[in-house]
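Below is one structure, written out as structure tokens; the observations come after it.
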Amino acid sequence: MQIDQSVLDSVLDIRTPWLTDVVTVITNLGGTVASWVITSVIVLALLARRHRAEALLVGGAMFTGQLVMSLLKLAFGRARPPEPERLVVEVTHSFPSGHAMMSSILVCVVGAVIVRLAGSPAWSRRSAPDRWRTPMLFAGLALWTLAIGLSRVYLGAHWLTDVIAGWLFGAAWAGLWIWAIDKSSRNPATEGRLP
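Residues 40 to 234 in the numbering used here are what the sequence shown spells out, letter by letter.
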């Protein structure tokens, strides 16, 4: 696509060694290892506080999302940007961006967990300054996935449309999980079992 090549050409014009170092750190924060460490910590913390439905939401969406993302890459089979422009070694297909998709899933389900827990009595007792931290947390989550996706374009690991598709597929997959957990939690037959 023309937009993909135009964006890649623009990125090549702004590359500098120090910026490449910063962007490499950002991209690693959204890599497979970092995503699974973050996911594991969140799931264990939720389980420790007996929030089983929320733990299932985060862990289930991420685990199945990884499988869906891999299948999508195989189905589309899109080549990555050419080797001279690519600053990272990648062996999988380009579309969709796994970093963008998985970070989008994680951000969406963590946001949903925050919203679900916001209805709890303990959350309601929080002071006004504490409640103001929630919008800042949502903004931080959004910036995290945005930075990770754009880092993939900067490093030449993905075309811009790969990243946009990753965000969209990730949000859609997270949305399915959020809907399913919410529906299951509201079902009288399972109400006592999941939450």
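The C-beta atom is built at its ideal place from N, Cα and C for all residues, glycine as well.
For residue i, the three-state DSSP class (helix, strand or coil)
i	result
T229	In this prediction, T229 scores a pLDDT of 49, lower than 50, which makes its location untrustworthy; no coordinate-derived value is stated.
H197	coil
R54	coil
A186	helix
H138	helix
V235	A question about residue 235 goes unanswered here, because the residues of the chain that appear run from 40 up to 234.
P174	helix
R191	helix
S74	helix
S133	coil
A118	coil
M101	helix
M40	coil
R155	helix
R88	coil
G214	helix
G69	coil
Status (buried if at least 16 other CB within 10 Å, exposed otherwise) for residue i
i	result
I42	exposed
S109	exposed
G116	exposed
S74	buried
G179	exposed
I53	exposed
P120	buried
D48	exposed
L199	buried
E93	buried
T184	buried
P56	exposed
L194	buried
T229	Residue confidence is low: T229 scores 49 on pLDDT, short of 50, so the model does not pin down where it sits. No coordinate-derived value is stated.
V130	exposed
A87	exposed
L85	buried
P174	exposed
V107	buried
Nearest candidate by alpha-carbon position, reference residue i, set the options
i	options	result
V76	D48, P123, M141, V127	M141
L176	C147, G195, A196	C147
L156	D48, V50, D52, L96	L96
V72	H138, A196, F134	H138
G70	H90, M101, Q44	M101
I144	S49, D221, G205	G205
E124	Q44, A210, A92, S224	Q44
G98	L86, L106, T78	T78
A211	L126, S223, T103	T103
Quiz item: Does the count of Cβ pairs from the segment 213–226 and the segment 137–151 closer than 8 Å reach three?
Solution: yes
Self-check item: Stretch-stretch touch, CB-based, cutoff 8 Å, three pairs: the segment 58–69 with the segment 181–193
Solution: yes
Quiz item: Counting pairs of beta carbons, one from the segment 47–60 and one from the segment 109–118, are three or more of them closer than 8 Å?
Solution: no
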